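Encoded as structure tokens, the structure appears first; notes follow it.
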Amino acid sequence: MSIRFYCGCGKHLRARDELAGMRTACPVCGQMVGIPSLQALHRGAAGPVSVEEWEARRRLVPVEAPAANAAEPATTVETEDTPRRRFRDLLRGRGRRGKTTQRRMRALEKRWFQCLAFPFQARHLILILAVAFTAMSVVAVVHAPVAIDMSLQGDWRWLYWGLIPLVVGGYLSGFFHCVLASAAAGDVGFVRWPDVQDLLRSLLIWLVTFLAGPTLFLGAALLFWFNSGDFAWIDWLIAGELIVVGVGYWLLSLVAVHQADRLRDATPQHVAELVRRLGWRILTAATVASLAVLGHAVTATVAIAALHDNFGYGLALLFIMWLSGFFFATFFFRLLGLWCYRSRVEPMP
Amino acid sequence: MKWARHIWIYLVGFLALLPAGLRALTWQEVPAHDLDGAAVAAGKMLFTHEWTPNDPLSPRGDGLGPVFNAVSCVACHEQGGLGGSGGFEHNVTMFTLQPTRPGEMMRSGVVHSQANDGFAESLKQVHADLPDIAQPVLRPFTTRSGMRGAGFDFRLPTGIGVSQRNTPALFGARLIDEITDRDIIAQERKQRLRWGLSPTGGESKPVGRALRLADGRIGRFGWKAQSPTLLAFVQAACANELGLGNPGQPQPRPLGRPDYQPVGLDLTDKQCRDMTTFIASLPKPVERAPEDSAARHEAEMGRTLFMKIGCADCHTPDLGSAEGIYSDLLLHRMGPDLEGGGFYYGEVIARTSPTAPPAVPVQGPLADEWRTPPLWGVADSAPYLHDGRAATLPDAIQLHGGQGAASARAFSALAPAAQAQVIAFLKTLQAP
Chain A
1 MSIRFYCGCG KHLRARDELA GMRTACPVCG QMVGIPSLQA LHRGAAGPVS
51 VEEWEARRRL VPVEAPAANA AEPATTVETE DTPRRRFRDL LRGRGRRGKT
101 TQRRMRALEK RWFQCLAFPF QARHLILILA VAFTAMSVVA VVHAPVAIDM
151 SLQGDWRWLY WGLIPLVVGG YLSGFFHCVL ASAAAGDVGF VRWPDVQDLL
201 RSLLIWLVTF LAGPTLFLGA ALLFWFNSGD FAWIDWLIAG ELIVVGVGYW
251 LLSLVAVHQA DRLRDATPQH VAELVRRLGW RILTAATVAS LAVLGHAVTA
301 TVAIAALHDN FGYGLALLFI MWLSGFFFAT FFFRLLGLWC YRSRVEPMP
Chain B
1 MKWARHIWIY LVGFLALLPA GLRALTWQEV PAHDLDGAAV AAGKMLFTHE
51 WTPNDPLSPR GDGLGPVFNA VSCVACHEQG GLGGSGGFEH NVTMFTLQPT
101 RPGEMMRSGV VHSQANDGFA ESLKQVHADL PDIAQPVLRP FTTRSGMRGA
151 GFDFRLPTGI GVSQRNTPAL FGARLIDEIT DRDIIAQERK QRLRWGLSPT
201 GGESKPVGRA LRLADGRIGR FGWKAQSPTL LAFVQAACAN ELGLGNPGQP
251 QPRPLGRPDY QPVGLDLTDK QCRDMTTFIA SLPKPVERAP EDSAARHEAE
301 MGRTLFMKIG CADCHTPDLG SAEGIYSDLL LHRMGPDLEG GGFYYGEVIA
351 RTSPTAPPAV PVQGPLADEW RTPPLWGVAD SAPYLHDGRA ATLPDAIQLH
401 GGQGAASARA FSALAPAAQA QVIAFLKTLQ AP
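Residue numbers (the numbering used here), protein chains in the order written: chain A, 1 to 349; chain B, 1 to 432.
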């Protein structure tokens with residue numbers, strides 16, 4: 001089933017059920033448009049919101065303006081102002097309540113290579129992240145033995161096993177979370193620095209999607225590496241294959257979760273459903289992406305090993321690795337998010 | 001049927017895991033097997049037999065000699081029972097000759113302490129400036145600045161190395177034999193990972209290196225981890241200690257008579273295997289906690305400290321199937337004071353590791369590289385270290401240099417009572 005509705009520009013649109021009650025950008029004009037709901041949103045509402053009702057609400061609550069300032073009927077306030085809704089707004093790049101974010105309106109990318117321009121828009125974030133992660137990995141490598149000892153002895157356990165992974169993992173996932181969420185919502189080229197909410201929620205999503213599948217393959221790869229002695233070429237192939245499958249599956253389930261912002265979509269069925277809907281090209285993309293991850297991981301190990309006897313070289317390699325890693329990941333998440341978006345909201349013929 | 005429609009994704013997952021599973025089936029395992037009682041008895045007889053020239057037990061060869069270090073295995077391997085460690089007086093003397101011309105290989109060998117008439121060896125035969133003795137006495141010393149070491153009464157000419165090897169105990173050798181190569185390599189990987197992918201064989205971090213032999217196997221027996229299997233070491237010991245040539249190792253030629261031709265092989269393959277079976281039948285050392293509960297507590301505290309100050313980085317309590325071995329069987333660089341070149345019992349041919357970039361050849365053991373000796377049974381195997389220079393356990397610990405220096409310093413920094421606890425723990429590791 002899909003929901004039929006139309007945008008302010010007059011174009012008739014079709015959206016998938018799970019988008020009911022959400023806002024999205026019109027694939028034709030790029031303006032924000034609300035998607036009608038199928039169910040009563042709260043007690044007292046009569047039933048599915050009609051297109052007219054939705055239009056009325058849109059007029060009352062301008063998308064870019066703070067909702068609280070507008071005079072609006074009591075029935076619509078809650079739908080606009082639940083924490084969940086506010087969070088979603090944040091993700092989609094709209095500013096905090098009370099201030100509007102200036103956005104350059106551009107057309108959504110139509111071809112895959114146009115997405116290559118996207119990381120450049122986010123270049124400042126990427127640069128900062130790359131520098132930060134390079135510094136962090138160097139510290140981790142140099143400091144790791146001490147840290148392990150300290151954490152085993154309990155002095156700073158909470159710091160090493162709690163705070164640091166939380167911050168590092170949070171920023172990594174938070175950034176890509178924003179990229180993916182904004183693309184999946186059909187946002188035009190907007191990325192922003194993740195805030196605490198983003199960090200925590202994205203961390204949760206990454207953790208859940210990781211536990212629901214990739215652990216199996218990546219854990220198997222790790223066990224395999226530890227226990228197989230010196231690698232023959234066939235072992236390289238097997239370990240590489242496990243990593244590619246694990247990472248690729250992880251990417252797919254991240255996209256699956258993000259498309260409707262529902263954690264329970266991290267199951268294999270939902271991932272399979274996503275693949276079925278987007279077609280085999282998403283498998284190709286996920287494979288390419290995880291090959292890229294593999295390449296970066298290999299570079300990282302070379303760089304880290306090099307840190308011990310040629311610090312400058314190791315550092316440079318590590319920085320290049322992180323920079324290109326963030327660049328490609330941004331690109332891929334943008335691409336996958338857009339595909340996902342396009343498969344859900346499309347202009348009707 | 002939503003399930004049926006999505007079944008393919010489970011199938012893909014299964015297929016993705018399949019190759020790893022199938023490959024794991026080809027992994028080297030050690031089959032469980034019982035030792036043959038008759039072979040054990042025959043081996044014991046050979047191990048304790050006092051060999052003579054033209055011995056009746058070697059009908060086709062020349063028997064003992066022409067050069068040898070003792071007349072029976074048990075002459076050296078005797079402390080704490082048959083197959084135990086050996087005292088200082090049985091140290092074996094080795095030499096190395098650095099190449100003088102480019103393209104030449106380093107030469108190394110043993111100066112045997114005993115010989116049949118006319119074949120006596122001496123250091124003078126290695127280099128004219130060395131004294132005319134076969135077994136110099138190693139003297140431990142302490143310099144005025146507190147530096148400890150061990151040396152000989154004579155000066156070594158440049159390019160010549162002379163060092164000694166103390167006899168280790170053979171208890172639990174079967175368990176060492178049965179550890180898979182995979183487990184030793186996994187240990188190497190763990191150490192690398194723990195120290196931030198640090199390269200193996202560095203001079204300060206305790207990241208050891210598995211010795212990869214020319215045939216791809218991992219060395220694990222001997223102070224330099226030079227032998228991959230117990231059988232190979234036994235064959236080498238027969239040849240080098242007693243002058244008994246066998247299918248695995250020819251007997252050494254006397255230094256002064258390189259033209260000496262043995263009549264035939266002294267030992268048959270079966271005799272070597274019997275001896276190996278006997279050594280494999282020796283029980284493994286035990287951990288004997290003191291009866292007294294206060295003393296037991298001290299030893300327990302000592303074990304905790306042992307883990308905490310980094311001893312367990314190298315002396316890992318368990319390795320694969322060998323529980324309580326307290327060794328990783330990896331080579332560690334132990335600093336210039338503990339140098340001693342040469343691979344006792346023949347050449348170790350290095351090969352390029354399959355994981356290393358092709359241009360970097362993996363070498364045989366360096367002069368300062370030593371296999372972490374298993375500490376099981378250490379209470380009964382004095383003197384300590386490769387040449388027995390340390391008479392006591394605290395000495396042995398304090399002499400750790402190189403990769404072991406940090407934890408030796410941590411040991412010295414402990415309060416005397418805490419040091420005593422560590423030693424008390426080591427004293428619970430006893431011969432069977």
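Ideal placement from N, C-alpha and C gives every residue a C-beta, glycine not left out.
The structure presented is a predicted model; accordingly, all values stated were derived computationally and were not measured.
Please decide whether I185 of chain B counts as near chain A, where near means a Cβ-Cβ distance under 8 Å.
Closer than 8 Å: yes.
So, using beta-carbon positions, are P252 of chain B and V67 of chain B closer together than 8 Å?
Going by C-beta atoms, P252 of chain B is nearer than 8 Å to V67 of chain B.
According to DSSP, residues forming a beta bridge with W370 of chain B:
Answer is B:H332, bridged to W370 of chain B.
Buried or exposed: D269 of chain B, going by 16 or more other Cβ atoms within 10 Å of its Cβ?
By the 10 Å Cβ count, D269 of chain B comes out exposed.
Identify each residue in the region 266–299 of chain B for which the Cβ-Cβ distance to at least one residue of chain A is less than 7 Å, and report them in chain order.
Using a CB distance below 7 Å, no part of the region 266–299 of chain B faces chain A.
Using 8 Å as the threshold, is the C-beta distance between A299 of chain B and A424 of chain B below it?
Yes. Within cutoff.
For G256 of chain B and V263 of chain B, the rounded distance between their alpha carbons:
Approximately 18 Å, taken between the alpha carbons.
Put E287 of chain B into one of helix, strand or coil per three-state DSSP.
In the structure shown, E287 of chain B sits in a strand (DSSP, three-state: E or B).
beta-carbon G118 of chain B near the ligand NAD non-hydrogen atom, thresh 7 Å:
In the structure shown, the ligand NAD is absent, as is every other ligand, since no ligand is present at all.
Helix, strand or coil: how does DSSP classify H90 of chain B here?
DSSP places H90 of chain B in helix when its eight states are reduced to three.
Test item: CB-CB of A431 of chain B and G364 of chain B under 8 Å:
Cβ atoms of A431 of chain B and G364 of chain B: not closer than 8 Å.
Give the straight-line distance between the Cα atoms of G44 of chain A and Y171 of chain A, rounded to the nearest whole angstrom.
Residue placement at G44 of chain A cannot be trusted, given a pLDDT of 33 that sits under 50; what the coordinates show is reported in the next sentence. Answer to the nearest angstrom: the Cα atoms are 41 Å apart.
On the three-state DSSP scale, how would you describe L13 of chain A?
Note: L13 of chain A maps to strand in three-state DSSP.
Of all Cβ atoms in chain B, is any one closer than 8 Å to the Cβ of I128 of chain A?
It does not; no Cβ of chain B falls within 8 Å.
Do the region 208–223 of chain A and the region 156–175 of chain B touch if we need at least three Cβ pairs shorter than 8 Å?
The region 208–223 of chain A makes no contact with the region 156–175 of chain B; the number of CB pairs closer than 8 Å stays below 3.
Distance between G162 of chain A and F328 of chain A (C-alpha atoms, nearest Å):
Just so you know, the alpha carbons of F328 of chain A and G162 of chain A end up roughly 29 Å apart.
Under 9 Å between beta-carbons, which chain B residues line up against L242 of chain A? List them in chain order, please.
Within chain B, the C-beta atoms nearer than 9 Å to that of L242 of chain A come from A16, L17, P19, A20, in chain order.
Opposing strand residues paired with R23 of chain A [DSSP bridges]
R23 of chain A is bridged to A:G34.
Are any of the Cβ atoms in chain B nearer than 8 Å to that of A220 of chain A?
By this cut-off, A220 of chain A is an interface position.
Y313 of chain A by DSSP, collapsed to three states: which one?
Looking at Y313 of chain A - three-state DSSP - the assignment turns out to be helix.
At least one CB of chain B closer than 8 Å to the CB of N227 of chain A: is that the case?
Judged by the 8 Å Cβ criterion, N227 of chain A is in contact with chain B.
Return the CA-CA distance between G517 of chain B and G335 of chain B, expressed in angstroms with no decimal places.
Missing from the structure shown is residue 517 of chain B; chain B here goes from 1 to 432 and no further.
Using DSSP with H/G/I as helix, E/B as strand and the rest coil, what is S72 of chain B?
Secondary structure at S72 of chain B: coil, using DSSP grouped into helix, strand and coil.
Pick out the complete beta strand (DSSP E) segments inside the region 121–200 of chain B, 3 residues or longer, and give them in chain order.
List check, beta strand (DSSP E) in window: 139–142, 148–151, 160–165.
Put T330 of chain A into one of helix, strand or coil per three-state DSSP.
If DSSP states are grouped into helix, strand and coil, T330 of chain A belongs with the helices.
Could you tell me which residues DSSP pairs with S2 of chain A in its beta bridges?
Its beta-bridge partners are A:R16.
For A420 of chain B, the nearest candidate out of B:R409, B:M301, B:A367, B:S327 (CA to CA)
Closest option to A420 of chain B, Cα to Cα, is B:M301.
Let me check one thing: in DSSP terms, what residues is Q269 of chain A bridge-paired to?
In DSSP, Q269 of chain A forms no bridge with anything.
Applying the 10 Å Cβ sphere with the 16-neighbour rule, what's the burial state of R84 of chain A?
At R84 of chain A, the pLDDT of 49 sits below 50, so the modelled position is not reliable and the matter cannot be decided from this model.
May I ask which residues mark the beginning and end of the beta strand (DSSP E) holding R107 of chain B?
Where R107 of chain B is concerned, the enclosing beta strand (DSSP E) starts and stops at 107–111.
Which residues, in chain order, does the region 268–293 of chain A contribute to contact with chain B at a C-beta distance below 9 Å?
Result list: P268, Q269, H270, V271, A272, E273, V275, R276.
Please go through the same chain and pick out, in chain order, the residues whose beta-carbon is closer than 7 Å to the beta-carbon of W339 of chain A, but skip the five residues on each side of it.
So the list reads L278, I282, once near-sequence residues are dropped.
Determine, using beta-carbon pairs with one atom in the region 302–314 of chain B and one in the region 205–212 of chain B, whether at least three such pairs fall under 8 Å.
With three or more CB-CB distances shorter than 8 Å, the region 302–314 of chain B counts as touching the region 205–212 of chain B.
According to DSSP, N246 of chain B sits in a beta bridge with which residue or residues?
In the DSSP output, where bridge partners are listed per residue, N246 of chain B has B:Q249.
Note down, in chain order, every chain A residue with its Cβ under 9 Å from the Cβ of G196 of chain B.
Chain A residues near G196 of chain B: A140, V141, V142, H143, A144, P145, I304, A305, L307, H308.
In the structure shown, what three-state DSSP assignment does Q261 of chain B receive?
Assignment of Q261 of chain B by DSSP, reduced to helix, strand and coil, places it in the coil class.
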